[in-house]
Amino acid sequence: MKKIGIVDTTFARFDMARSAIEELQAQGTGFTIERYTVPGIKDLPVAAKKLIEEKKCDIIMALGMPGGAAIDKQCSHEASMGLITVQLLTNTHIIEVFVHEDEAHDDTELAWLANQRTREHAHNVLHLLYNPRHLTKNAGMGLRQGFKDMGPVKK
Amino acid sequence: MKKIGIVDTTFARFDMARSAIEELQAQGTGFTIERYTVPGIKDLPVAAKKLIEEKKCDIIMALGMPGGAAIDKQCSHEASMGLITVQLLTNTHIIEVFVHEDEAHDDTELAWLANQRTREHAHNVLHLLYNPRHLTKNAGMGLRQGFKDMGPVKK
Amino acid sequence: MKKIGIVDTTFARFDMARSAIEELQAQGTGFTIERYTVPGIKDLPVAAKKLIEEKKCDIIMALGMPGGAAIDKQCSHEASMGLITVQLLTNTHIIEVFVHEDEAHDDTELAWLANQRTREHAHNVLHLLYNPRHLTKNAGMGLRQGFKDMGPVKK
Amino acid sequence: MKKIGIVDTTFARFDMARSAIEELQAQGTGFTIERYTVPGIKDLPVAAKKLIEEKKCDIIMALGMPGGAAIDKQCSHEASMGLITVQLLTNTHIIEVFVHEDEAHDDTELAWLANQRTREHAHNVLHLLYNPRHLTKNAGMGLRQGFKDMGPVKK
Amino acid sequence: MKKIGIVDTTFARFDMARSAIEELQAQGTGFTIERYTVPGIKDLPVAAKKLIEEKKCDIIMALGMPGGAAIDKQCSHEASMGLITVQLLTNTHIIEVFVHEDEAHDDTELAWLANQRTREHAHNVLHLLYNPRHLTKNAGMGLRQGFKDMGPVKK
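For the record, the sequence lines run as chains A, B, C, D and E.
If you're matching positions, the first sequence starts at 444 in our numbering and goes up one per residue.
If you're matching positions, the second sequence starts at 444 in our numbering and goes up one per residue.
If you're matching positions, the third sequence starts at 444 in our numbering and goes up one per residue.
If you're matching positions, the fourth sequence starts at 444 in our numbering and goes up one per residue.
If you're matching positions, the fifth sequence starts at 444 in our numbering and goes up one per residue.
As structure tokens, this is what we get:
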């Protein structure tokens, strides 16, 4: 039985964890989910590490929604660096699902994007856990999560 | 009995630790507070680590007030990276409460913001310690500390 | 028997790993190849570390294609920092082959560049493994991978 | 008997270590000073670590004078990150005293600032070693080293 | 008998290692030199670490020539961060000699600068190894490597 950890924030403007949980559960069984909510994205790295080490999670989804200002970009950079460090300290994947507010034109699109990107990354989590060959089959295909795929380029 | 560590600076232009201590004590009992003041925000990471390792603090509030110039942004970035590293080395939360001088229009607003943000984050500290479910209940609600909440976006 | 690890992404718009494998195999024998595909470049560091530690790879090629926007540059920076950390934690070389979308004028050139740079770096991987003196012979020669060499400058 | 380490550079345009030593010695006794000069600020972190681990210093002053160009800002950022890492690896304070060339209007002011900031930080070093309560008494007072204090803001 | 490690690249447009070796050997005896060439500057950190740990080098010169574009600055930043990390993991100095292409007005000056800066830093390496007091004698003198010294500023 695998355990999937989900770390999310009260800062985000959309309940991305609900989307993640729904999508994961819709895809199958054979795993449990552990959720840990923190205030902001800079709190995510230690939460992820605690889920891995204290709750024995096999993989983590780190969900966040940075604002569009320069200081928010700095925060998201710091959070991302922390999440990479956690992965290297634990040899465990953390799929970072960050939706930047300035990626969307309005609140409706932002909600759509947060939901869609989270759900598509939930599939990546399951592929990494159960079916890594599926990712190799799609290597170099220009896949995106949320907005449409860019697709491959041809020689 | 839990122990809450507070690290703060002489550089800050507002005694944020006083706000933190008042708010924590107003919320309840069952914990002690350990305070450690350093000159500037880049001194906060090692102070936090010492409180965790030498004073056995269960959680830390890191309080700082970076200036508005480019070099100050660089310093706050370095401090934040250090605070994340401390969390990963100790599996302990550090709630960073930074108030950037350029967030406020004048000194009065700056004082208001420093006080308000610190007090709201004091609640986050207590939730993480005693009631993590409360944070999950507010996941994705677009909460902010200091200025008003952004609120959630709808699909 | 040496083992060469290749980590690549579904985000990339060209199957760089195929180029790497073809070129490595065209150059000789005496090694096996282990491939690990992840969603994006920020997932590469932990994948590389797992190939080194769990699959005993002797060297890694890390293949990615960051987009041209500011956020993509930030992601590539984070991935690169992670890849350097992995090298220092394992004393193992990781040859990073990143092709930035804005390096090419159009999709055709992008595909050409991804293929060409990967193949030229495959030679660097083999030199590091089997013939480090070859690199010393070319020290200071202004070599580039993909676009043409800059060449040396003269006193 | 405490030991205070001082790391400084040949790159700096002012002998900040002399100011530090004079000021420390003027303030009292009960400590020895160990000095270690390196070429540039990026050499400071390892020098500080060696003073702490090999010479058993209890605290370090890291003195540097970055230039005003973009590359110099990058170097000072790298040095600062290294100095924070050393602190976290050793649980020892390093008081960073950096004077940026572009902080001063001319060479005379630059010399004045380097001397003044170093001397004021020498007091911080002694407070951290012998009298941490003094810093807490000044928490939130908007203290600066070199140029005049900003002072506190009022609610 | 001391051992000096030199790491250099095929990316550089000048054989800086030759300058380093010539200058070191012209200065004296009592040491051996170990050279390790890698493709680019981001490969330098792990090469330096391997020279220190596997070849028992006492000090390292890290030689590189980053290009002038924004992406090159990012690469040099990543390499520098890695080189600092290696120093902290090994308590060993690495003298970074980077010559940025945009520091010179033309190829001739670039070659001159690469040669000159490397040779002057070779002296720093020998001072750190054999005569650290010489550096202290020059503390605060505004020394530069390559271009002319800035000199000290006066109070």
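Each residue gets a CB set at the ideal place from its N, CA and C atoms; glycine is no exception.
Asked, Found
"Three CB pairs or more closer than 8 Å across the segment 497-507 of chain D and the segment 563-572 of chain D", "yes"
"Alpha carbon of E563 (chain A) to alpha carbon of D592 (chain A), nearest angstrom", "11 Å"
"Residues, ordered as in the chain, of the segment 552-568 of chain E that lie near chain C by beta-carbon distance below 8 Å", "L553, A554, W555, A557, N558"
"Residues near T452 (chain C) in its chain [Cβ-Cβ closer than 8 Å; skip 5 each side]", "T480, V481, P482, G483, I484, D486, L487, L506, G507, M508"
"Of the listed residues A:A513, A:K516, A:L572, nearest to G473 (chain A) (C-alpha basis)", "A:L572"
"Chain B contacts from the segment 495-525 of chain D (Cβ-Cβ distance under 9 Å)", "K516, S519, H520, S523, M524"
"C-beta neighbour in chain A for P482 (chain B), strict 7 Å", "no"
"Beta strand (DSSP E) segment containing T480 (chain C), residue limits", "474-481"
"Listed by chain order, chain D residues near N581 (chain E) by CB distance under 7 Å", "T453"
"Partners in chain C for F457 (chain E), counting only beta-carbon separations shorter than 7 Å", "G583, P595, V596"
"Proximal residues of chain D, C-beta to C-beta of L586 (chain B) below 7 Å", "In chain order: nothing, as chain D lies at least about 23 Å away."
"For A513 (chain C) and Q559 (chain A), the rounded distance between their alpha carbons", "22 Å"
"Bounding residues of the alpha helix (DSSP H) (the contiguous stretch that carries A582 (chain A))", "Per DSSP, A582 (chain A) belongs to no alpha helix (DSSP H) and is neither H nor E."
"Min CB distance H536 (chain D) to chain B below 7 Å", "yes"
"Chain C contacts made by the segment 461-477 of chain A, where a contact means CB separation under 8 Å", "none"
"Selection from E:I495, E:E521, E:V542 that minimises the alpha carbon distance to F590 (chain E)", "E:V542"
"Through-space distance from Q470 (chain D) to T535 (chain A), alpha-carbon basis", "52 Å"
"The segment 574-587 of chain D contacting the segment 521-528 of chain D, beta-carbon criterion three pairs below 8 Å", "no"
"Contacts of E544 (chain D) in chain B (Cβ-Cβ under 7 Å)", "Under the 7 Å cutoff, chain B gives no residues; its nearest Cβ is about 12 Å from E544 (chain D)."
"Chain-ordered neighbours of L531 (chain B) on chain A, where CB pairs are closer than 7 Å", "P488, V489, K492, G525, T528, V529, L532"
"T631 (chain A), DSSP secondary structure in three states", "No answer is possible for residue 631 (chain A): it lies beyond the span of chain A, which begins at 444 and ends at 598."
"Residue of C:M444, C:R456, C:V489 minimising C-alpha distance to I476 (chain C)", "C:M444"
"Any chain E beta carbon closer than 7 Å to L572 (chain C)", "no"
"V489 (chain E) - DSSP class collapsed to helix/strand/coil", "helix"
"Nonlocal neighbours in the same chain, by C-beta distance under 7 Å from L586 (chain B), ignoring five residues either side", "D592"
"Check whether T533 (chain B) and I495 (chain B) have beta carbons under 7 Å apart", "yes"
"Neighbouring residues, chain B, relative to K485 (chain A) (Cβ below 7 Å)", "S523, I527, E539"
"Own chain, CB closer than 6 Å to G594 (chain E), minus 5 neighbours either side, in chain order", "G585"
"Alpha carbon of G583 (chain E) to alpha carbon of A557 (chain D), nearest angstrom", "10 Å"
"Simplified DSSP assignment, three categories, for M504 (chain B)", "strand"
"Close Cβ partners of A547 (chain A) (< 6 Å) along its chain, the five nearest in sequence each way excluded", "L553, L556"
"Range covered by the alpha helix (DSSP H) that runs through E552 (chain C)", "550-573"
"Reference A490 (chain B), options D:Q530, D:K498, D:K597, D:V596, closest by Cα", "D:Q530"
"Straight-line Cα distance separating K516 (chain B) from E465 (chain D)", "32 Å"
"Beta-carbon spacing of V596 (chain B), R478 (chain A) below 7 Å", "no"
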